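Report on the following structure.
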Amino acid sequence: MEHLRFNLNGDWVEERAVSPTTTLLRYLRDRLNMTGTKEGCAEGDCGACTVAIAELNQNGEPTWRAVNSCLVLLPMVQGKHVVTVEALKQGEQYHPAQVAMAKALGSQCGYCTPGIVMSMFEATYRTDLDAPWKLDDQLCGNLCRCTGYRPIRDAAQAIAGSCPADSFKKVLPDAKPQSMELRFAHGGQRFATPSTLAQLWDELDAHPDARFVGGGTDLSLEVTKKFAVIPKLISLEGVESLRKIETLPDGSFRIGAGATITDLEDFSVTRLPSVHRMVRYFGARQIKHRGTVGGNLCNASPIGDLPPALISVGATAVIAGRAGERRMPLEQFFVGYRKTALGPKEILAAVEVPAVPESARAISYKVSKRRELDISTVSAALYVDTDAKGVVTVARLAFGGMAATPKRASGAEKALVGQPWNEANVAAAAKLIGSDFTPMSDHRGSAGYRALVAANLLRGFFDETSEKKQPALVGRHAATVQSANEVRHG
Amino acid sequence: MAEPRVSSTAVTQKVPVVQGPETTPVTPLHQPLLHESGLRHTSGEAKYVDDFPAPTGMLIAQVVGSNVARGKIKTLDVTAARGVPGVLAVLTAKDIPGENNVGPVVHDEELLARDEVHFLGHAVALVVGETYEACRAGVAAVKLEIDAQTAITSIEQAIKENSYLCDTHLMQRGDAATALKTADIRFQGETRTGGQDHFYLETHVTLAVPEENSALKLYCSTQHPSEVQAIVAHVLHWGRHQIVVEVPRMGGGFGGKETQAANYASLAALGALKTGRPVKCWLNRDQDMLWTGKRHPFLTRWDVGFTKDGELVALDAFLYSDGGFSTDLSRAILDRALFHSDNGYFLPHVKLQGRVCKTNLPSNTAFRGFGGPQGMAVIEDIISKFCERTGLDPVEVRTKNFYGAAPRNITPFWQEVKDNRLPRIFAELLKTSDYTKRLGEVRAFNAANKNAKRGLALTPVKFGISFTTSFLNQAGALVVLYADGSLQLNHGGTEMGQGLHTKMLAICAHELGVQPDRVRVMNTATDKVPNTSATAASSGSDLNGQAVKNACETVRERLRPIAAKLLQVPAESAHEILFAGGRVFLSSRPELSLPFEKVTNEAYLAQVSMSATGFYKTPDITFDRATGKGKPFHYFAYGAAVSEVELSGLTGEHRLRRVDILHDVGSSLVPTIDRGQIEGGFIQGVGWLTCEELRFDDKGYLRTHSPDTYKIPAFGDAPLEFHVALLENAAQDNVIHGSKAVGEPPLMLALSTVAALREAVAAFGPEGREVKLDMPCTPEALLFAVEEQKK
């Protein structure tokens, strides 16, 4: 298709004359005068702009997902069904999420409220909200400055998973995203969404200067914060094969670069618990719905969450070009500050991860100023395997926020391998982390804090894995390292 | 959904309720009402200034800010910018017809800097254009060269360079210097509290629309429409009658829109005047955070004396605040910090001094508590440190020092503390929070855990209610009654989410005895109620409520003779007629009740005036800043909170496990609204004291200028167990319907979280050691405090 087309609140909208980097939020407010959806930050950190999109989950079923409309460029909803807050009240009938919020006095100033209602809209139709901590996860992408959240939690609890048989539920089976294939140009800008790899290589040949975009949760900031005019974009979202996550015959996993963080969260919960611990705190639900595995890795940020988590479990990067695939250990993929080993006309197609043996201890930790919805100050993904005698055979201690790239603590690893896994040896190795890295000081944390936390995480890892080797997060824990006999909520 | 583990106590409060002819309560007053805009908030139907449809020909205004924090303007050339397609005007100081000054108290703040810039982002020009894109291109085309000077970016640096915005303020009683010498235990220290961005979800915005005959209508997100009107009039060199400021509602204010909306309203007005077209000036999040003022950071150096049993003997403290580059409200904020350096404790000998530092940062301004939290943080810090050093029980020490009978009832500013409710609140809360048992559990947990420790703490709040600039304690209302019995209610207060309109609606419906849905609360506008004070200082309902009541009484008393005639009640019994539940009746003969609209229609036919203004001023308050003596407050609001935290000694992360609050709101006007203020204020205070951190670099640039890096509490930061109760049988004399102000006091309940965190840090080390922890208690600050404790 050569023009934009998406379903908005039940009606198909067609658009030919708009910059392809117009965000959905600005389009709603400025072009359609639909002002229920608010701009609070234009960077996906407050949730006031939340709308819902019908997306396929990993089982291929359409499901309502809350997203930040401030980070969604208009071509990214090609062929999709979008619901905004304006659609929820039908005639004089308010949606259960709206009634619950008003009854609980979940709004005070009301500016964050439409966005919160849209996150609660998703919660209304979810069937997996089986523990109170999951409400933290569902709603942490929505900041409220007035209420202190208690009434909002009460409202969310009242409607979460209630799945009323209403028009939004009924429309879902028919709301499957249609083909996203698109070649759209306007005002000197171009946005293409190929739907196969072959089309992708053709696009690249024709437009070698184009930039790739996955979910846009990072790239869109250039538009909303720096007001950049990006001339050419190729979206990888339309290539279905890239989104696949599968278990290979040898028991290892292949995670498509186009898989969303939500996809990975659902997949990893039982299969890769250490990765799952990182994914849980990756970001808000809205971000996890749009952000992709490939996007997070190709950003090559030293404070990205997935690089250490995947390096520590021994992941391999699968790089694809027209000629085929090539592979390299993921840690070699990051060649410098925000630089990858991708050549021209290549993409990251997937990562392959071996299953973690039962003998291995593995946990990913993320330390940030705020538990939910924050960027790491320090992250650590720790993996230690031992032989039958308890001697360390493999140690992969991968850290984020400690260097210009995601990096392993080679000195500490060396000290551990071949030694018995005990408190004294771990303490000695933790001391070496200081010399493995020279972290920097910035507004997220000082170098001293980063170094201390990095070493402490290894000590905490020893304690936390003393009973269970790959412990999952239990309930609503107090800190990234869980205390042994904490009385836990939910 | 699994069984919820959330404990949320329902709010009820026993208050006598008027009964109507039927058995239902007929007044909304003291009832658990919903927010009057609640459902419209949820549907997006509630409109904010930026949501209004663009008037024909509307233009956009964008500010050109300086790129250095301090310096002399060498070149400001806007010629090229004026030529950018889509740009209609580029305005500088020279284009201001009136006074180029927006300082609300002291005239020390230029709207557009003429010769010098004083903070990074200081406005030097305004670009007015057809679109944001055109304006940004215009901003980029402005040639600005500044001779940069060394910026002052901290309180310490300002002290060193003798850079202040006022002389030293002083309050004292007794002889602190002598008493300190004889105290059993004397020690010195410093207390630091950080700044705080308001982070209202709706950023600053004004839409200025030209009207005929040299007039402007401003739709503005402000807590102080009258001041915006006055300042815009100064800037344009107009009479105030040429300007109407209207506030639909704000998406949060918290003090940030008390003075600082005037800058952007003035710029929009200037743009509209110069182009003759409607102009919108809206700040995006980064601009709002970079350019507008915040809560004042404070540094306090103190010297304190106690008896060995833990009784306060004397305090000598000097409070320095960071005012930023201009005065704004800094002096009154400093005063309120001094007024609250006692919190609820009697100080036999006290000397409090304070001074506002001038730095090259945005001009700090009002923020919920208005200096009170910063003052209170000092004395709570001192008491925590004393208990850490001596091992004395913090609850006992706090209780022991509460204000009591004369002579232990005089504040440092010589106001008597009457009706101190803290002993009662402490006693009740200790019981309801199960404090003693939980303290045992906390100790057991700490004994059993190496990497995590818990802390439990109880702290009080005593907060003075009134504007301390006494003449501001006034308010007006205009009630308009139509012949069909429906009403429009105008009052001087603004709605920023706090539920003021809900309370005013309840009072209006109560006084006239109508159903709430017959009353429409109108947008706040300066052409309806003039010369208003800011909606601030927690005073919104106290002041405007009395004015609304006054206006409604006037109208009701005009209806009474009409009602008497219709009910065939003799004139001498007319005063017994009740107006309630939409009916008018004699309580002795309820069967003869009339519908309210029958009376209003009859009143219209009888040529009765059915609109009235109301007015109120707080009696008997005065304060003399020169002597530091007076009765600045009409009364005090009280409360207390118990916080329980768990702290990781590996990372410094913590969670609030449980919070119990007992708060005194008098006889609550609307208990559901008050509960929202208590919970929301508490969490906002927790943000200020724990996760929110403003990081300016040495160039004066705010590194944390968006929610990416500036972290306000999120959903998971609220405690899962959050018990809130309103103090029972607490009617307050001489305040509207026995209620008490609630907007600000609960914020300071969050000091209990800091006290609990200090307890948790202390548990990592040996007893008897002072915890080295400043506020905000970020994970980094906490981890380093733990490391110190372990040494």
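The listed protein sequences correspond, in order, to chains V and A. Residues in the first sequence are numbered consecutively from 1, following the numbering used here. Residues in the second sequence are numbered consecutively from 491, following the numbering used here. The C-beta atom is built at its ideal place from N, Cα and C for all residues, glycine as well. Quick caveat, the model's predicted, so the values are computed rather than measured.
DSSP state of LYS707/A mapped onto helix, strand, coil = Strand, per DSSP.
What number of angstroms, rounded off, separates the C-alpha of PHE796/A from the C-alpha of HIS688/A?
-> Rounded to whole angstroms, PHE796/A to HIS688/A spans 37 Å at the Cα level.
Starting from the C-beta of ALA698/A, find all residues in its chain whose C-beta is less than 6 Å away, skip the five residues before and the five after it, and write them out in chain order.
-> Hits under 6 Å: LEU706, LEU708, ALA758, ALA759, ALA762 and VAL769.
Would you kindly report the start and end of the unbroken alpha helix (DSSP H) that includes MET661/A?
-> That residue, MET661/A, is in no alpha helix (DSSP H); its beta strand (DSSP E) goes 659 to 663.
State the Cα-Cα distance for the pair HIS477/V and ALA355/V, rounded to the nearest angstrom.
-> Each residue's alpha carbon lies about 26 Å from the other.
In chain V, which residues lie with their C-beta within 7 Å of the C-beta of GLU1270/A?
-> Ordered by position in chain V, the residues that pass the 7 Å Cβ test against GLU1270/A are GLY445, SER446 and TYR449.
CYS877/A - partner residues in DSSP beta bridges | Per DSSP, CYS877/A has no beta bridge partner at all.
Output yes or no for whether 8 Å exceeds the beta carbon distance between ILE955/A and PHE1126/A.
-> Contact annotation: ILE955/A and PHE1126/A have beta-carbon atoms nearer than 8 Å.
State the CB to CB distance for the pair MET866/A and ASN833/A, rounded to an integer number of angstroms; the pair is presumed to be in contact (CB under 8 Å).
-> Confirmed, about 5 Å.
Answer yes or no: do SER364/V and ALA415/V have a C-beta to C-beta separation smaller than 8 Å?
-> For SER364/V and ALA415/V, no; Cβs fall outside 8 Å.
Does SER301/V get closer than 8 Å to chain A when you measure Cβ to Cβ?
-> Under the 8 Å criterion on CB atoms, SER301/V is classed as non-interfacial with respect to chain A.
Applying the criterion that 16 or more other CB atoms from any shown protein chain within 10 Å of the CB defines a buried residue, is PRO1269/A buried or exposed?
-> Looking at its Cβ environment, which holds 16 or more other Cβ atoms inside 10 Å, PRO1269/A is buried.
Using a C-beta cutoff of 8 Å, does PHE857/A count as contacting chain V?
-> For PHE857/A, the answer is no, since every Cβ of chain V falls outside 8 Å of its Cβ.
Anything in the segment 32 to 55 of chain V with a Cβ closer than 9 Å to a Cβ of chain A? List those residues in chain order, please.
-> Result list: ASN33, MET34, THR35, GLY36, THR37, LYS38, GLU39, GLY40, CYS41, ALA42, GLU43, GLY44, ASP45, CYS46 and ALA48.
Would you kindly work out how many angstroms separate the C-alpha atoms of MET328/V and GLY256/V, rounded to a whole number?
-> In a straight line, the C-alpha of MET328/V is about 15 Å away from that of GLY256/V.
Within 10 angstroms of its Cβ, does THR513/A collect 16 or more other Cβ (buried), or is it exposed?
-> Unreliable placement is indicated for THR513/A, whose pLDDT of 46 sits below 50; the coordinate value is still reported in the next sentence. Classification of THR513/A: exposed, given that the 10 Å Cβ count is below 16.
Simplified DSSP assignment, three categories, for LEU523/A | In this structure, LEU523/A counts as coil in the three-state DSSP scheme.
Within this structure, are the beta carbons of GLY390/V and PRO357/V separated by less than 8 Å?
-> Contact: no.
Any C-beta of chain A under 8 Å from that of THR63/V = The C-beta of THR63/V comes no closer than 8 Å to any C-beta of chain A.
From LEU819/A to HIS786/A, what does the alpha carbon distance come to, in whole angstroms?
-> Near 10 Å, if we compare the C-alpha coordinates of HIS786/A and LEU819/A.
Out of curiosity, what's the CA-to-CA distance linking GLU1249/A and ASP799/A?
-> Each residue's Cα considered, the two are about 20 Å apart.
Can you tell me where the beta strand (DSSP E) with PRO308/V in it begins and where it stops?
-> Where PRO308/V is concerned, there is no enclosing beta strand (DSSP E), although the alpha helix (DSSP H) it sits in stretches over 306 to 312.
Uninterrupted alpha helix (DSSP H) stretches inside the segment 381 to 452 of chain V (no shorter than 4 residues) | For the segment 381 to 452 of chain V, whole alpha helix (DSSP H) runs of length 4 or above, ordered along the chain, are 410 to 416 and 423 to 436.
When the Cα atoms are used, what is the spatial distance from ASP585/A to THR855/A?
-> Roughly 27 Å between the two C-alpha positions.
Going by beta carbon distance, what residues of the same chain come within less than 6 Å of GLU325/V, once the five residues before and after it are set aside?
-> The answer, listed in chain order, is VAL318.
Might you give, ordered along the chain, the residues of its own chain that have their beta carbon closer than 6 Å to the beta carbon of ASP1007/A, omitting 5 neighbours on each side?
-> No residues qualify anywhere along the chain.
How long is the line joining the alpha carbons of ASP825/A and VAL117/V, rounded to whole angstroms?
-> About 41 Å.
Tell me, please, which residues DSSP counts as bridged to TYR1125/A.
-> In DSSP, TYR1125/A forms a bridge with ILE955/A.
Please list the segments of the beta strand (DSSP E) lying wholly inside the segment 688 to 759 of chain A, counting only runs of 3 or more residues, in order along the chain.
-> Taking only runs of at least 3 residues, the beta strand (DSSP E) segments lying wholly in the segment 688 to 759 of chain A are 695 to 701, 705 to 710 and 733 to 737.
What span of residues does the beta strand (DSSP E) with GLU14/V cover, start to end?
-> That run of the beta strand (DSSP E) goes 11 to 15.
DSSP on PHE935/A, reduced to helix/strand/coil?
-> Helix, per DSSP.
From the beta carbon of GLN470/V, is the nearest beta carbon of chain A less than 8 Å away?
-> Chain A contact via Cβ: absent.
Using Cβ-Cβ distances below 8 Å, what residues of the segment 704 to 724 of chain A are close to chain V?
-> Across the segment 704 to 724 of chain A, no CB contact with chain V closer than 8 Å is found for any residue.
Residues in its own chain within less than 7 Å of LYS89/V by CB, not counting five upstream and five downstream?
-> Spatial neighbours of LYS89/V in its own chain (CB-CB distance under 7 Å, excluding positions within 5 residues in sequence) are listed in chain order as HIS95 and GLN98.
Who are the Cβ neighbours of GLY611/A in its own chain at under 6 Å, not counting the five residues just before and after it?
-> Hits under 6 Å: GLY555, LEU780 and TRP781.
Could you tell me whether the Cβ of LEU204/V comes closer than 8 Å to any Cβ of chain A?
-> Taking CB atoms only, LEU204/V has no neighbour in chain A less than 8 Å away.
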